[in-house]
Each structure stands twice: as C-alpha cells, then as structure tokens.
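Read the structure below first, then the notes.
Okay, here's the thing in structure tokens:
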C-alpha cells in the first residue's frame with residue numbers, strides 16, 4: 001500500500017472523524033483487507049459535472065457525511081461569490097440510506113455560511129426540487145439521491161437557478177471551489193437542531209405541491225377521454241419518492257382505478273424485492289407485471305427511487321403483456337404528444353423537442369413530421385435543460401425532452417426528468433388510444449410500419465478500480481487511433497468525435513466542426529441508418545456502447561422486417577465488441 005493511502009488512513013482514524021467511522025476503517029485494517037482499503041482511499045470521491053455519487057461507507061472515496069459537508073462548503077463558497085445567499089438553496093432527498101442525514105448535514109453547512117435554506121421535510125421526487133427552485137426564486141438546489149443505483153449507493157445532485165442540473169460555466173466553477181476545500185477545518189457546520197431554529201431555515205410549505213399538481217394537470221391533451229375510457233393502472237414507486245405524488249397526480253388527471261404494488265409501496269432504502277431499483281431492469285419490473293396480470297390491468301407503471309424515470313408495461317389485445325424499453329416509451333410519448341397537439345390545434349408556436357445523441361432516431365422523424373423542430377445534445381438531462389433555458393430568448397416553446405435511459409419530461413416548469421408528468425401522460429395516452437379501440441402495442445406497431453423499425457440496445461461493461469479506469473480510457477484511445485472503415489457488413493460513413501469537436505467523413509477523409517459540448521464520446525454513423533456510440537459512464541465505472549439498426553419494407557410484413565433487423569442487430573453488436581476484444585455478458 002503506497003504512502004499516500006497510508007497517510008489518508010491515519011487521517012481518517014483520528015479526530016475530527018467520529019468513532020463509528022474510525023472503527024469501520026480500523027476493522028478493515030485489522031482484517032488486512034488491503035484491496036478494500038486501497039479502493040476506499042486511492043482517490044477522493046470526485047465531485048464531477050454530474051454531482052457526487054458513490055458507495056456508502058467510510059473513506060475518501062466513499063459517500064459519507066464528511067464528503068457531503070466538503071462538497072456543500074465548496075458549493076456554498078460559489079453561492080457566496082455570486083451573492084446568492086439571500087436567494088437560498090432548495091434541499092430535497094430520496095428514501096435511500098443516510099439521505100436524511102446527508103440532507104441535514106448540507107442544511108447545516110449552508111446555514112452556517114449564512115445562506116437561506118428551503119427544506120423538504122419529507123422525501124420528494126427530484127423533479128419537485130427543480131420546480132421549487134424557480135417557484136421560490138432560489139439560486140440553486142440539491143437533491144440527495146443515487147437515482148436508480150443499488151442500495152449501497154447514494155449521491156448529491158446540484159441544480160442552478162433555472163431548475164436544471166448545473167452546466168458550464170457553473171459546473172466547472174463549482175468543481176474548482178469544491179477542490180479548494182482540502183481540509184475539514186475549512187468547513188463551517190451547524191447541528192441540525194440549531195438549523196431548524198435559524199431564521200435562515202424554512203420548511204417548504206404545503207402550498208408548493210398543489211401548484212405542482214395543477215401545472216402537471218395542465219399538460220393533459222385529452223382530458224375528456226379519461227372518464228369515458230376507464231383505465232386500470234398498476235403502479236410501483238420501487239420503494240421511493242413517487243409513493244405519494246404519482247398516485248395523487250394520476251387522480252388529478254381523473255384516473256380512479258389505481259392499484260399499488262403493495263410490497264413496494266412503502267419507502268425503504270433496502271429495496272428488498274428489487275436489488276436494482278431501476279425500471280430498465282426486468283427484475284425491478286417483475287412484481288408489477290405480476291400485479292398487472294393478476295388484476296388484468298391495462299398498464300403497469302413504475303418509477304425509480306427519486307421518481308425521475310419511469311418503466312412501463314402494456315396489456316396487449318390478446319391479454320399478454322409487453323415490457324417497453326426506454327426508446328419505445330419515448331417513441332410512444334413523442335408520437336402521442338406531437339400528433340395530438342397538432343390534431344387538436346393545441347400545438348404552441350415554435351414547438352421544440354430536445355433529446356440526446358444516444359436516443360432513438362425514430363423520435364426525431366416523428367416530431368419533425370408533426371411540425372416540431374428538434375435538437376440533439378449530449379447524454380444527460382442537464383444538457384437538455386441547457387438548451388431549453390435558451391428558448392425564452394429565442395421565442396421557442398419546449399414541449400418534450402427525453403433520453404433512452406427512461407427519462408422524460410413534457411413540462412417547461414420542470415427542467416429535469418419528471419416521472420410524475422410522464423406517468424400521467426402515459427396513462428392518458430393509454431386511455432386515448434383505448435377509446436379508439438386500439439391497444440398501445442398496436443399503436444407502436446403502426447408507428448414502425450409508417451416510419452420504419454428501429455432496433456436499439458445498450459451494452460454496459462463494468463471495469464472497477466484504478467485498472468478499470470485505465471482500461472476504459474484505453475478503449476476510447478484505441479477507437480480514436482484505429483477508426484474502423486467497416487463494422488461487420490456495415491460501412492462506416494462518418495465518425496463524430498465529441499471530445500475533439502470533429503466529424504470525419506470516411507469517404508472524403510475530410511473533417512468538419514460540430515457544436516456539441518466537449519465530452520468523451522465517439523459516434524460511428526453506418527450505412528443503412530445503423531449507428532454505434534461509445535462513451536464512458538459519468539457516474540459509474542462502466543463503458544457503454546449503444547447500437548442501432550434499421551429496417552423498412554413495403555413488400556414485407558412488419559414481422560419479417562423485425563426479424564431481419566433483429567438478426568442484423570445482434571451481428572452488429574457481436575462484430576463491434578469483438579473488434580475491441582470484448583463480448584456481451
């Protein structure tokens with residue numbers, strides 16, 4: 001074990017660290033658990049552009065109250081430099097282990113620095129923090145959450161005064177301020193009992209949530225169909241913050257037949273029936289699927305622990321159920337919202353949709369066919385929020401934003417993913433098409449027939465620790481240095497290197513600039529509308545690959561087109577991963 005790690009271990013086993021922290025580290029040392037100690041201390045848990053996220057535990061590379069306080073002091077310093085103390089900070093939290101403790105610690109640091117605090121005293125969805133920031137004219141907000149990660153994790157997300165996650169120049173400036181807090185002696189703290197009696201501390205009152213519900217209800221396009229075409233909904237909050245607000249919002253829309261998945265309806269940071277509380281995972285959705293089958297529900301909707309993502313399962317005409325992926329949910333919502341705003345004459349002036357470079361290309365085709373201009377940006381809703389922020393100056397109107405990882409938002413009053421409004425609109429869509437005698441599964445197939453069948457998938461490969469980080473960087477360097485001309489049967493047409501802001505035309509060997517913010521992402525645009533995207537995760541020790549294949553034929557049945565496209569898709573994945581010495585699974 002190197003000397004810098006040993007020095008950190010010595011630091012963390014003496015004052016001012018608490019006895020539980022000291023005992024946890026000494027226990028690892030007594031057991032000679034060098035690998036675990038190295039992982040806990042080989043670096044500081046990084047506060048990056050996506051905030052802070054990590055495994056709970058003692059150590060400089062773990063999510064704990066000391067790292068929360070240091071990050072909060074850095075953020076407080078930035079707020080003070082921007083004269084934002086009187087505007088205040090909104091603090092929210094989810095149902096995870098220690099979320100309450102971290103929220104209280106953050107409130108203590110802000111208050112000790114003379115910064116006003118608006119505090120949700122119960123767990124709340126992430127989108128309500130985004131909403132409250134603008135409603136209360138706060139300078140920023142934080143949400144204590146690790147979103148859909150396993151129970152071992154927690155995190156800390158930062159939003160700025162527009163309600164969106166921080167982007168340049170604020171994100172890098174906050175990172176610099178956090179780095180400057182090199183020692184706990186630089187952190188101002190106040191016990192939460194004192195915080196609560198401070199004139200700077202204010203619990204967010206009960207008037208804010210009803211306003212949020214009313215604004216969410218205003219997004220309804222076809223309110224008339226809900227009483228006329230009753231829909232039976234199964235819903236699971238996956239032990240998280242949606243447990244009150246999603247059912248309440250559905251009732252505001254007019255839905256009455258809402259069945260909670262009982263085992264998952266009470267907040268619980270252990271997530272006992274779903275180790276991965278992620279609506280992308282079939283294991284997280286299975287209990288809700290069983291509930292839907294048992295009760296012949298029309299739709300099952302789940303929200304992740306901080307209620308910013310949804311998963312959905314549809315009942316088909318034959319009584320079977322279809323689990324949707326994130327791109328399919330996006331496709332259906334974009335189709336419903338854009339086509340029905342157009343058909344009802346409710347389309348606002350200069351309508352805009354914003355999505356990401358790894359989300360299905362199908363949504364762009366649908367939106368544009370309905371007269372909606374589209375924007376594509378980097379992965380992450382922070383970038384969608386950044387584009388949306390500019391619409392007030394340009395006279396453009398945001399109507400929808402989404403990303404393939406099950407994040408959707410149809411509201412300008414929220415600048416992040418919002419599982420509350422997405423759940424309501426998905427349920428309304430089910431009622432609307434049901435009133436036309438169509439299942440939503442039939443609507444999806446009709447979309448594929450009209451626009452073509454897009455098959456997308458993602459492969460995530462985990463590479464932990466110091467060696468893993470270098471392996472991931474090595475793969476990205478290799479893709480840049482050894483750009484392929486073909487991937488299997490597909491020709492590589494263009495290569496977009498977002499890190500270097502260039503687009504390379506493989507035919508002419510010429511490059512042109514792109515306007516995306518710099519990020520470690522490479523896109524290969526292939527023949528026949530196929531695509532491969534490679535990017536390291538910003539919050540986990542993973543490298544992610546996104547694959548797209550496309551098929552359309554007027555002469556063949558949709559089933560044949562799907563089968564052919566699926567086969568091509570599996571071949572593309574296998575060929576590309578093999579070229580990097582990788583394989584799926």
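Residue numbers (the numbering used here): 1 to 585. The beta-carbon is built from N, C-alpha and C at its ideal position, and this holds for glycine as well. Just so we're clear, the structure is a prediction, and the values are computed from it rather than from any experiment.
Beta-carbon proximity list for residue i, same chain, < 8 Å, skipping 5 on both sides
i	result
residue 349	395 and 397
residue 485	491, 492 and 506
residue 24	57 and 58
residue 571	488 and 489
Segment limits, beta strand (DSSP E) that includes residue i
i	result
residue 127	Run containing residue 127: none in the beta strand (DSSP E); it sits in the alpha helix (DSSP H), 126-135.
residue 397	397-403
residue 118	117-119
residue 525	522-526
residue 182	Here residue 182 belongs to no beta strand (DSSP E), and DSSP marks it neither H nor E.
residue 505	502-505
residue 239	Per DSSP, residue 239 belongs to no beta strand (DSSP E) and is neither H nor E.
residue 547	542-551
residue 74	Careful: residue 74 lies outside any beta strand (DSSP E), inside the alpha helix (DSSP H) at 65-81.
residue 209	Taken as a continuous stretch (DSSP letters only), residue 209 belongs to no beta strand (DSSP E), being part of the alpha helix (DSSP H) at 208-217.
Limits of the alpha helix (DSSP H) - the one that residue i falls within
i	result
residue 271	That residue, residue 271, is in no alpha helix (DSSP H); it is neither H nor E in DSSP.
residue 10	3-12
residue 106	99-112
residue 347	Careful: residue 347 lies outside any alpha helix (DSSP H) and carries neither H nor E.
residue 251	242-253
residue 157	Counting along the chain, residue 157 falls outside any alpha helix (DSSP H), though it belongs to the beta strand (DSSP E) covering 153-160.
residue 227	225-228
residue 84	Here residue 84 belongs to no alpha helix (DSSP H), and DSSP marks it neither H nor E.
residue 562	558-579
Sequence-distant residues of the same chain with beta carbon closer than 7 Å to residue i, five excluded per side
i	result
residue 326	280, 404, 405 and 406
residue 472	463, 536 and 543
residue 123	93, 94, 95, 241 and 267
residue 13	22, 25 and 26
residue 584	459, 573 and 577
residue 452	550, 551 and 552
Local Cβ density within 10 Å of residue i, reported as buried at 16 or more and exposed below that
i	result
residue 502	exposed
residue 278	buried
residue 590	Because the chain in this structure spans residues 1 to 585, residue 590 falls outside the shown range and cannot be described.
residue 372	buried
residue 187	buried
residue 10	exposed
residue 171	buried
residue 86	exposed
Among the options, the one whose alpha carbon lies nearest that of residue i
i	options	result
residue 509	294, 515 and 494	494
residue 92	105, 445 and 84	105
residue 16	5, 63 and 69	69
residue 161	505, 320, 414 and 295	414
residue 153	219, 183, 54 and 165	54
residue 318	309, 166 and 293	293
residue 461	540, 132 and 49	540
residue 219	423, 474 and 444	423
residue 354	86, 426, 368 and 208	368
residue 466	32, 360 and 40	40
residue 454	330, 580 and 32	330
residue 370	391, 345, 359 and 357	345
residue 230	248, 432 and 581	432
residue 575	194, 532 and 558	532
Within 8 Å, strictly: CB atoms of residue i and residue j
i	j	result
residue 242	residue 419	yes
residue 417	residue 381	yes
residue 254	residue 210	no
residue 299	residue 314	yes
residue 173	residue 78	yes
residue 159	residue 137	no
residue 308	residue 126	yes
residue 150	residue 275	yes
residue 546	residue 358	yes
residue 238	residue 168	no
residue 428	residue 226	yes
residue 259	residue 291	yes
residue 89	residue 141	yes
residue 184	residue 111	no
residue 337	residue 400	yes
residue 548	residue 534	no
Closer than 8 Å to chain C by CB, residue i
i	result
residue 238	Among the chains in the structure shown there is no chain C, since it carries only a single protein chain.
Same chain, Cβ closer than 6 Å to residue i, five either side skipped, listed in chain order
i	result
residue 44	60
residue 628	Any answer about residue 628 is impossible in this case: the structure gives the chain only from 1 up to 585.
residue 8	41 and 60
residue 402	330, 355 and 408
residue 28	36 and 37
residue 421	216, 219, 410 and 411
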